[in-house]
Amino acid sequence: MSVPKEAVDVVWEFFDALMEENEAALTAVLEPQSDAALLYELFGEPALYAASAALRGPCVVRLTRALVLGDSVWLEGEQVTQDTREPIGYVVFKVRQQDGGWKISEISPWHLEAVHYLSDRPDPQSDLSVGVYLTSYGLQISPTANLDGVEQVLIGTMQQEYYPLTSIAKAVRLWRDFRREGELAAHDQTVWAAAVHRIIDKMSLVDEPLEQVALLYNVPTLSLADAYNRIIHHLNITYFDHRYSPIPDPGELLRQAKAAGMEIGEEVPPATNQPLPEETG
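The opening position of the sequence shown corresponds to residue -15 in the numbering used here, with each subsequent residue numbered one higher.
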């Protein structure tokens, strides 16, 4: 399947708007309510520089590969130095059709395979991984961001712990979905923030003791467990939940390929993943 020219054009429009610091143009190329738009809302232009790995230094981006499935296109950009054209990194834009046009919904500082398969991402101790995790640390909350108390505590703590921007955006999205209808009076803001943090860890397959998160936020372990359980049940959160998971669902590409009519040589995993386990405290 060929890549629509308009899908490629919106990536170049993104870089033009970013270089020109054109707020209206940036807003126009980002899909509303997407992870990319949420990063822009929370941290402004610096987050888009960080997400697109432009902070690696002066470079030229050339689009090299693409994956088209359904209404989405993943475009991989190879970043090369301006003088020697030596590759120094990658960035992938997920672009989707909306209202007759194309918008950017996600920006990932990996190559194409690493976006979809956790096993293809660099070793956590590598310079690239460390750089990705550090990019969120120095970012300041945008003065126009309207954050509640939970978000302020949550973002500040996740930045302090060097969580990547993708995880912070997913955490804020999760909390905003829960606070629309959740029983917010059951716990104070710090407990809710700790519970969201715990859920992001679980979906990232990080299995640290519950007490460690409770200590990080200075909240009672039993209160944290109860808040965690309320959120996962209210939102029906599963492993690899496409709404909130910072890591990819290893079966998603196979399911999309089968839905598109492609011949699949291996068993396609079910669309429903296992729910996150309850905490007992």
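Ideal Cβ positions, reconstructed from N, Cα and C, are used throughout, including at glycine.
For the candidate residues the options, whose alpha-carbon lies nearest to that of residue i?
| i | options | result |
| --- | --- | --- |
| glutamate 5 | Pro30, Ala209 and Glu145 | Pro30 |
| histidine 218 | Pro193, Ala169, Glu165 and Asp191 | Glu165 |
| serine 207 | Pro234, Asp185, Trp176 and Tyr228 | Trp176 |
| histidine 181 | Val52, Ala155 and Pro71 | Ala155 |
| valine 267 | Ala170, Gly61, Gln82 and Val99 | Residue coverage of the chain in this structure runs from -15 to 265, which leaves residue 267 outside it and unanswerable. |
| tryptophan -4 | Ala169, Leu194, Phe77 and Met142 | Phe77 |
| aspartate 19 | Val203, Arg157 and Thr205 | Arg157 |
| glutamate 97 | Arg49, Asn257 and Val64 | Arg49 |
| valine 203 | Phe224, Ala178 and Asn220 | Ala178 |
State the Cα-Cα distance for the pair residue i and residue j, rounded to the nearest angstrom.
| i | j | result |
| --- | --- | --- |
| threonine 222 | serine 188 | 11 Å |
| isoleucine 216 | proline 234 | 21 Å |
| aspartate 121 | aspartate 55 | Inspection of the sequence shows that residue 121 is occupied by tyrosine rather than by aspartate. Rounded to whole angstroms, tyrosine 121 to aspartate 55 spans 34 Å at the Cα level. |
| alanine 9 | phenylalanine -1 | 10 Å |
| aspartate 210 | threonine 264 | 8 Å |
| glutamine 66 | methionine 3 | 16 Å |
| tyrosine 33 | isoleucine 125 | 14 Å |
| leucine 39 | phenylalanine 162 | Any reading at leucine 39 needs caution, since the residue's pLDDT is 49, under 50, leaving its predicted position unreliable; the model's value is listed next. Looking at the two C-alpha atoms, the distance is approximately 33 Å. |
| glutamine 17 | aspartate 191 | 29 Å |
| glycine 28 | lysine 87 | 18 Å |
| glycine 73 | serine 36 | 10 Å |
| proline 259 | isoleucine 183 | 11 Å |
| histidine 226 | alanine -9 | 22 Å |
| leucine 26 | leucine 123 | 10 Å |
| asparagine 130 | serine 229 | 23 Å |
| valine 137 | threonine 174 | 7 Å |
| glutamate 195 | lysine 186 | 14 Å |
| glutamate 231 | glutamate 70 | It is isoleucine, not glutamate, that sits at residue 231 in the sequence shown. Cα-Cα distance, rounded: 29 Å. |
| aspartate 172 | aspartate 83 | 40 Å |
| valine 134 | proline 193 | 22 Å |
| alanine 169 | threonine 128 | 27 Å |
| alanine 198 | glutamate 145 | 14 Å |
| arginine 46 | glutamine 63 | 7 Å |
| valine 44 | tryptophan 94 | 16 Å |
| asparagine 220 | threonine 68 | 50 Å |
| aspartate -7 | isoleucine 139 | 33 Å |
| asparagine 257 | tyrosine 101 | 16 Å |
| glutamine 143 | glutamate 15 | 25 Å |
| leucine 51 | lysine -11 | 14 Å |
| alanine 21 | glycine 85 | 16 Å |
| tyrosine 147 | threonine 11 | 25 Å |
| glutamate 7 | aspartate 132 | 24 Å |
Could you check where the alpha helix (DSSP H) with residue i kicks off and where it finishes?
| i | result |
| --- | --- |
| valine 156 | 149 to 163 |
| leucine 219 | 205 to 219 |
| alanine 8 | 7 to 13 |
| aspartate 132 | Looking at the DSSP string, aspartate 132 is not in any alpha helix (DSSP H), and its letter there is neither H nor E. |
| tyrosine 33 | 29 to 35 |
| arginine 182 | 173 to 187 |
| tyrosine 201 | 194 to 201 |
| leucine 2 | -11 to 4 |
Return the Cβ separation of residue i and residue j in integer angstroms, given the expectation that the two are a contact with Cβ distance under 8 Å.
| i | j | result |
| --- | --- | --- |
| arginine 80 | serine 92 | So it is not a contact: roughly 14 Å between Cβ atoms. |
| valine 99 | tryptophan 159 | 24 Å between Cβ atoms; not a contact. |
| asparagine 213 | glutamate 167 | That belief does not hold up - the Cβ atoms of asparagine 213 and glutamate 167 are roughly 12 Å apart, past 8 Å. |
| valine 13 | alanine 1 | 6 Å |
| threonine 141 | tyrosine 201 | 7 Å |
| alanine 153 | leucine 23 | 5 Å |
Between which two residues does the beta strand (DSSP E) carrying residue i extend?
| i | result |
| --- | --- |
| leucine 59 | 56 to 65 |
Any C-beta of chain C sitting closer than 8 Å to the C-beta of residue i?
| i | result |
| --- | --- |
| asparagine 213 | No chain C is part of this structure, which consists of one protein chain only. |
- alpha helix (DSSP H) segments (min. 4 residues) lying fully within the region 73 to 101: 96 to 100
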